[in-house]
Ligand SMILES: [Fe+2]
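Residue numbers (my numbering): 579 to 777.
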């Protein structure tokens, strides 16, 4: 099984005005596609060929940097598209909201800490909500890394590579993060990943 580029789960213009059609065209059709194509080339003939994306990510970390970079970014982007939806943000489903308050203090605090992690990730990378040892935590990682390679399971991630926001927000990464958390997050999908992570 090789990597395949999934379709976006909505139209290219569906996330406007928070994320433009132009951003999604470049981000999905050029950047994610390049991770898939390069990942497949680097995967060929390795002992990880035929494994799941998660297994390739974890198996290549610290061993095959080129393959890891592309596999990690492929995994991250598969979920990133689904972590957003038109008319996103808003209410968090009850059980997840309760757990967020329990582990992170309040929904407001979670949003602040998440945005702060994204704003302070130096250079390219991601900020996350992840489940580690049964608790929801906020994390940030550089480049294509994700919580899977740090003993945690990601339930929400925001891409803070410039390719994700520069067309729409220029250098204003904090404004992009605010729009993401307030207007784009698909909390139903976050809940799905939280339930899978704690099952
Ligand atoms: Fe990206």
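In this text, a Cβ means the ideal position worked out from N, Cα and C, and glycines have one as well.
The three-state secondary structure of residue 725, taken from DSSP, is helix.
Look at the region 673 to 761 and you find these whole runs of alpha helix (DSSP H), each 4 residues long or longer: 685 to 698, 744 to 747, 751 to 757. Contact between the region 718 to 728 and the region 643 to 652 is established, with three or more Cβ pairs separated by less than 8 Å. In terms of Cα proximity to residue 666, the closest of 582, 588, 750, 771 is 588.
Minimum Cα-Cα distance from residue 657 among the listed residues 776, 765, 626 corresponds to 765.
Apart from sequence neighbours up to five positions away, the residues of its chain that approach residue 592 with a beta-carbon distance below 7 Å are 664, ordered along the chain. Going by beta carbons, residue 583 and residue 634 fall outside the 8 Å limit.
Between the region 689 to 698 and the region 743 to 763 there are three or more C-beta pairs closer than 8 Å, enough to call the two in contact. By the neighbour-count criterion, in which a residue is buried when 16 or more other Cβ atoms sit within 10 angstroms of its Cβ, residue 654 is buried. With a cut-off of 7 Å, the C-beta of residue 728 is classified as distant from ligand 1, since no heavy atom of the ligand falls inside that distance. At least one heavy atom of ligand 1 lies closer than 7 Å to the C-beta of residue 739.
Judged by their CB atoms, residue 714 and residue 677 are nearer to each other than the 8 Å cut-off.
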